[in-house]
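Novice: Residue numbers (the numbering used here): 1201 to 1936.
No residue lacks a Cβ here, since even glycine has one placed at the ideal position from N, Cα and C.
The following block contains the structure, expressed as structure tokens.
Below you can see the structure in the form of structure tokens.
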């Protein structure tokens, strides 16, 4: 049954149906490629667009082979199941590329497509009549279908309006991308839209425009998936190169076979098969150089910034293997990539203390390259080596916003005006970052470019590792040489210091001996002697100065090599214990003490110049002690005299204080008596006046006289107080 249906479909096949089938198959394959190899949202939207166009193609095929009008209408319904969505999906795709999306318009586009699909299948408002033209039951445009076409044209033209606006403001390879999108899609839309003409009874051309959709879909899919960011120029260049090569060689093969068969076979007698084999071998030999020359010719026309991939790899491999200096290797890497890809700028960053610094750079505007130690953009120290190892070479436009490292990498690329980041690992450690700017031609980075960069990064990793090891080895050699020079200098200095020290020691010995022989204080060096328990029991004289002999009265000959108990057997234990403590602890001690053996007082200072040895410096203070005794007696006598005089002074002072107290009391009593006498005089005078006015027999007179008597007594008391205060007696006598 399937075979019969297939045979029947083939029997009714026409160019329109073949074009539709080609569109359906091509877009289905393109959808599968987008689904399997798509990397970003742009590719997912392209998948939706391909599905819509594929439905249009299969529906056109079904309508093209239909034997009846009803079957054709079913085909047109299937075709427009996708066709109604072509306009909205293209607008969605263009909006995503531009980065500016009108959600309301997008929602309206998908909504109207759903409505027309519903009307097309559920009613006859959209598809109700066909006409037979070009051997096809062609759909006649109903008013509803005319509206659908107008909306389709609106979305397509509005999308192109936005793309053209973006193209005018864009710069660099984004402008180039926009140019290719505008041109590539325009080729397909013109071809597809030409199939609308017979629907309006415009029968000027056969409706084979769907073939244009096939061509643009193939080119677009290959460019996006194989050559990354919509790079049509490389696809066209490769296609033209191989087409011209095959065409020229095929023509040359035919000409050679014809000439050799016509002329040489009769003369030499070579068979036509042999001539064909010889011609084929000749063509095989000529294919590679001819293809190379054609490629150069095409590059001059289409792609003037091209390079020879294998020659570039061969050149940089030779330079890297013949160079061991790290800075020269950095220069070779950057210069090769910069010149081969014709970049605006390139930076090679090296890892340093958790961040990255510029090891070498090239900028198109600058005449000469330069080395800088400028620190990379903030956040470079947070760059994940695992992320870069997993991702490999990163193109700015392919970064996914959902990944946590996207912001850090974008910020770093932006700070260097970079478009591509190439990580270089040395022993699985992120050691270098190669940041590449935009191409001077504004073209995007192709798959061939990425392949070249990958190869260079692998070779650079080995070369940089060797250079770093060499640099580290060179540093070690320099360090060892420096250390050896320092050691030699140190040894020379040590010899000189030792010579100076010996000279100083001899001078010190001379001064010491001079001081030792002429000092007025006694000096002796001893060796401590201990018992089995480690307790000091004696000490031996090692050296004494002349002053020691003078102050002790013991000659040096009787001391040296002997112990103190041998020389002075009655020496107090205090002297031995104190000397033992100094010899054991090394702590100096000073004291004054009496030697009963020598009957002298000494002021001593003991210190330990070495383990179990002590030295003593002392002076004879016997005379001073005697003088101090006499002074002590005189001081006691003076203190006794002072105590006596102090006691006498205390008695006199008490008498003086008593006299002063009595004088103060007298002054106080005199003041009080004087004031009191004044008061009594006033009262007394008043009482005299009262007595004169009273009658002799008045009962008040008696009391008044008693008051006068008391006043007189008080007046006498006042006079006594005044007399006490003056320390004399006042005698009153009448005056004339």
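Express the C-alpha separation of residue 1396 and residue 1274 in angstroms, rounding to a whole number.
Specialist: Working through the chain shown from its first residue, we reach residue 1274 at position 74. Working through the chain shown from its first residue, we reach residue 1396 at position 196. Approximately 17 angstroms, taken between the alpha carbons.
Novice: Ordered along the chain, which non-local residues of its own chain (more than five positions away) have a Cβ less than 8 angstroms from that of residue 1573?
Specialist: Locating residue 1573 in the chain shown gives position 373, counting from the first residue. Its pLDDT being 48, under 50, residue 1573 is placed unreliably by the model, and the measurement read from it follows with that caveat. These residues qualify, in order along the chain: 1557 and 1558.
Novice: Between residue 1249 and residue 1290, how many whole angstroms is the CB-CB distance? I'm expecting something under 8 angstroms.
Specialist: The sequence position of residue 1249 within the chain shown is 49, counting from 1. The sequence position of residue 1290 within the chain shown is 90, counting from 1. Yes, residue 1249 and residue 1290 are in contact; Cβ-Cβ is about 6 angstroms, under 8 angstroms.
Novice: Scan the stretch 1694 to 1731 and note each continuous beta strand (DSSP E) run of 3 residues or more that stays entirely inside, going in chain order.
Specialist: DSSP runs (the beta strand (DSSP E)) wholly in the stretch 1694 to 1731: 1722 to 1730.
Novice: With a CB to CB cut of under 6 angstroms and the five nearest residues on each side skipped, what residues in its chain are close to residue 1282?
Specialist: Translated into the one-based positions of the chain shown, residue 1282 becomes position 82. The answer, listed in chain order, is 1252, 1255 and 1256.
Novice: Quick check for students: name the residue ranges of the beta strand (DSSP E) that lie wholly in the stretch 1844 to 1885, counting only runs of 3 or more.
Specialist: None, since the stretch 1844 to 1885 contains no complete beta strand (DSSP E) of that length.
Novice: Quick check for students: name the residue ranges of the alpha helix (DSSP H) that lie wholly in the stretch 1739 to 1816, counting only runs of 4 or more.
Specialist: Within the stretch 1739 to 1816, the complete alpha helix (DSSP H) runs of at least 4 residues are 1746 to 1752, 1764 to 1767 and 1773 to 1785.
Novice: Please work out which residues of its chain come closer than 8 angstroms, Cβ to Cβ, to residue 1592, disregarding the five sequence neighbours upstream and downstream, and give them in chain order.
Specialist: Here residue 1592 corresponds to residue number 392 of the chain shown, with the count starting at 1. Contacts found: 1623 and 1654.
Novice: On the three-state DSSP scale, how would you describe residue 1428?
Specialist: Translated into the one-based positions of the chain shown, residue 1428 becomes position 228. Per-residue confidence for residue 1428 stands at a pLDDT of 49, beneath the threshold of 50, marking its modelled position as unreliable; no derived number is given.
Novice: On the three-state DSSP scale, how would you describe residue 1617?
Specialist: For the purposes of this step, residue 1617 is taken as the residue at position 417 of the chain shown. Here residue 1617 sits in coil by DSSP.
Novice: Grouping DSSP H, G and I as helix and E and B as strand, with all else coil, what is residue 1639?
Specialist: Mapped onto the chain shown, residue 1639 falls at position 439. Strand at residue 1639.
Novice: Under 7 angstroms Cβ to Cβ from residue 1293, same chain only, skipping five residues before and after it: list those, please.
Specialist: The residue you call residue 1293 lines up with position 93 of the chain shown. Taken in chain order, the residues that qualify are 1245, 1246 and 1249.
Novice: Buried or exposed: residue 1860, going by 16 or more other Cβ atoms within 10 Å of its Cβ?
Specialist: Looking up residue 1860 in the chain shown gives position 660. It is exposed - the Cβ of residue 1860 has fewer than 16 other Cβ atoms within 10 Å.
Novice: Check the DSSP bridge columns for residue 1510 and list the partner residues they point to.
Specialist: Taking the chain shown and counting its residues from 1, one reaches residue 1510 at position 310. Residue 1510 is not bridged to any residue.
Novice: Using the beta-carbon count (16 or more within 10 Å), is residue 1318 buried or exposed?
Specialist: For the purposes of this step, residue 1318 is taken as residue 118 along the chain shown, with counting starting at 1. When all chains shown are included, residue 1318 counts as exposed.
Novice: Give me the Cα-Cα distance between residue 1203 and residue 1410, rounded to the nearest whole angstrom.
Specialist: Here residue 1203 is taken as the residue at index 3 of the chain shown, counted from 1. Here residue 1410 is taken as the residue at index 210 of the chain shown, counted from 1. For residue 1203, the predicted structure reports a pLDDT of 39, less than 50, and the residue's modelled location is therefore unreliable. A value from the coordinates is still provided. So the alpha carbons of these two residues sit roughly 27 angstroms apart.
Novice: Taking a contact to mean a Cβ-Cβ separation below 8 angstroms, would you say residue 1552 touches residue 1534 in this structure?
Specialist: Counting from 1 along the chain shown, the entry for residue 1552 is found at position 352. Counting from 1 along the chain shown, the entry for residue 1534 is found at position 334. The answer is no: Cβ separation not under 8 angstroms.
Novice: In chain order, what residues of the same chain have a beta carbon less than 7 angstroms from the beta carbon of residue 1759, not counting five sequence neighbours either side?
Specialist: Mapped onto the chain shown, residue 1759 falls at position 559. The residues are 1741, 1744 and 1767.
Novice: Helix or strand or just coil, what does DSSP make of residue 1326?
Specialist: One-based indexing of the chain shown puts residue 1326 at position 126. Here residue 1326 sits in coil by DSSP.
Novice: Hey, is the stretch 1769 to 1788 in contact with the stretch 1797 to 1809, meaning 3+ C-beta pairs nearer than 8 angstroms?
Specialist: As far as the Cβ criterion goes, the stretch 1769 to 1788 touches the stretch 1797 to 1809, which means the pair count is three or higher.
Novice: Using DSSP with H/G/I as helix, E/B as strand and the rest coil, what is residue 1334?
Specialist: On the chain shown, residue 1334 is found 134 positions in, with the first residue counted as 1. Correct three-state label for residue 1334: coil.
Novice: Given that a residue counts as buried once 16 or more other Cβ atoms are within 10 Å of its Cβ, and exposed if not, what is residue 1769?
Specialist: As a first step, residue 1769 is located in the chain shown; it is residue number 569 there, counting from the start. Answer is exposed; the Cβ neighbour count stays below 16.
Novice: Starting from residue 1536 and walking both ways along the alpha helix (DSSP H), at which residues does that stretch end?
Specialist: Counted from its first residue, the chain shown places residue 1536 at position 336. Run containing residue 1536: 1526 to 1541, per the alpha helix (DSSP H) assignment.
Novice: When DSSP labels each residue in this structure, what does residue 1302 get in the three-state scheme?
Specialist: Here residue 1302 corresponds to residue number 102 of the chain shown, with the count starting at 1. If DSSP states are grouped into helix, strand and coil, residue 1302 belongs with coil.
Novice: Applying the 10 Å Cβ sphere with the 16-neighbour rule, what's the burial state of residue 1692?
Specialist: Counting from 1 along the chain shown, the entry for residue 1692 is found at position 492. Answer is exposed; the Cβ neighbour count stays below 16.
Novice: Entirely within the stretch 1362 to 1414 and at least 4 residues each: give me those alpha helix (DSSP H) ranges in chain order.
Specialist: Those alpha helix (DSSP H) runs which fall completely within the stretch 1362 to 1414 and span 4+ residues are 1373 to 1393.
Novice: Work out the CA separation of residue 1820 and residue 1831 for me, nearest whole Å.
Specialist: Stepping through the chain shown from its first residue, residue 1831 is reached at position 631. Stepping through the chain shown from its first residue, residue 1820 is reached at position 620. When rounded, the distance between both Cα atoms is 19 angstroms.
Novice: Less than 7 angstroms between C-beta atoms, sequence neighbours within five positions excluded: which residues of the same chain meet that for residue 1630?
Specialist: The residue given as residue 1630 occupies position 430 in the chain shown. Cβ within range, chain order: 1551, 1585, 1588 and 1623.
Novice: Identify, in the order they occur along the chain, each residue of the same chain with its Cβ nearer than 8 angstroms to the Cβ of residue 1765, setting aside the five sequence neighbours on each side.
Specialist: As a position in the chain shown, residue 1765 is number 565, starting the count at 1. Result list for residue 1765: 1738 and 1771, in chain order.
Novice: Once DSSP output is grouped into helix, strand and coil, what is the label at residue 1347?
Specialist: Taking the chain shown and counting its residues from 1, the one referred to as residue 1347 is at position 147. In this structure, residue 1347 counts as helix in the three-state DSSP scheme.
Novice: Between the alpha carbons of residue 1307 and residue 1328, how many angstroms are there, rounded?
Specialist: On the chain shown, position 107 is the one that residue 1307 refers to. On the chain shown, position 128 is the one that residue 1328 refers to. When rounded, the distance between both Cα atoms is 28 angstroms.
Novice: For residue 1436, which three-state DSSP category applies?
Specialist: By one-based count along the chain shown, residue 1436 stands at place 236. Note that residue 1436 scores a pLDDT of 46, beneath 50, so its modelled location is shaky and nothing firm can be said.
Novice: Identify whether residue 1203 lies in helix, strand or coil by the three-state DSSP scheme.
Specialist: Locating residue 1203 in the chain shown gives position 3, counting from the first residue. Confidence at residue 1203 is low in this model, with a pLDDT of 39, below 50, so its placement is unreliable and the value that follows should be read with caution. The answer is helix: DSSP assigns residue 1203 an H, G or I state.
Novice: Leaving out five residues before and five after residue 1330 in sequence, what residues of the same chain have Cβ atoms less than 7 angstroms from its Cβ?
Specialist: Translated into positions along the chain shown, residue 1330 becomes position 130. For residue 1330, where only same-chain residues beyond five positions count, the Cβ hits under 7 angstroms are 1269, 1272, 1273, 1337, 1338, 1339 and 1340.
Novice: Drop a sphere of 10 angstroms on the beta-carbon of residue 1626, count the other beta-carbons inside from all chains shown, and report buried for 16 or more, exposed for fewer.
Specialist: Sequence index remark: in the chain shown, residue 1626 carries index 426 (1-based). Buried, by the Cβ-count rule.
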